[in-house]
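Numbers 1 to 185, taken from full-length UniProt numbering, label the letters of the sequence shown in order.
To keep things clear, I will list the structure first and then write my remarks on it.
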Amino acid sequence: MQKELYKNLYKTQSIRLKDWDYRMNAAYFVTICTKDKAHYFGRIEDSKMIYSSMGIIADVLWCEIKNHNKNIELSDFIIMPNHIHGILILQNEYIDDEMMETGHALSLQKTIGKNRFQNIGKNSLSSIIGSYKSAVTKHTNRLGLEFAWQSRFYEHIIRNEQSFEKITNYILANPENWVNDELNL
């Protein structure tokens, strides 16, 4: 079986949920890592995150996401030495299709996308994360700081209130659990 190519060029396997439209109204748990898990954003001291100058930039620009995307609500997030965890809630106005109740403030559409690489345009999760990563890179480069992101990011669609609460607790406890974190290299 031949692998599907992105734009008939790249042999990259998508880590996104097949047939899911990432512009859909939902809460998304996102993890973005630095290249080679380098500790650009600071260090953990006494279970608290101490920001470097790049960590401050990452923090400020994360909070700015909602000012550049009117369709987003930011929930809890944490900047860690080599990664970021956050919850983004997309509330795109264009979606009028049949909805499915989730028990959270948002509902999920029953209609799903059909094309593997669709919806990486405006107001999609990928475009929002891409813009954020680009802004952090641009600002750190202006300061003459060496910095790079891992090329992809991880996401999880939060489907109910119990999952939302569990993920929120995970995010908030991340600095305390740093010594056991798989990203603590």
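In this text, a Cβ means the ideal position worked out from N, Cα and C, and glycines have one as well.
- Shown here, Arg159 sits in coil according to DSSP, grouped into three states, outside any helix or strand.
- The secondary-structure analysis by DSSP pairs Ala27 across a beta bridge with Ile89, Ile158.
- Boundaries of the beta strand (DSSP E) harbouring Met49: 48-51, taken from the DSSP string.
- Rounded to whole angstroms, Asn123 and Ser163 show a C-alpha spacing of 24 Å.
- With respect to the C-alpha of Ser151, the residue from Lys133, Ser75, Glu165 having the closest C-alpha is Lys133.
- Taking the Cβ atoms as the reference, Ser47 lies roughly 5 Å from Pro175, within the contact range of under 8 Å.
- When rounded, the separation of the alpha-carbon atoms in Ala26 and Gln91 is 7 Å.
- One thing to note: Ile129 has its Cβ within 8 Å of the Cβ of Val30.
- Cβ atoms of Cys33 and Leu183 come within 8 Å of each other, at about 7 Å.
- Spatial neighbours of Ala135 in its own chain (CB-CB distance under 8 Å, excluding positions within 5 residues in sequence) are listed in chain order as Leu61, Glu64.
- Distances from the CA of Asp36 to each of Phe147, Gly86, Lys70 were compared; the closest alpha carbon is that of Phe147.
- Taking the Cβ atoms as the reference, Ile157 lies roughly 6 Å from Tyr28, within the contact range of under 8 Å.
- In the structure shown, Leu143 falls within a coil segment according to DSSP collapsed to helix, strand and coil.
- Per DSSP, the continuous beta strand (DSSP E) segment holding Asp76 begins and ends at 72-79.
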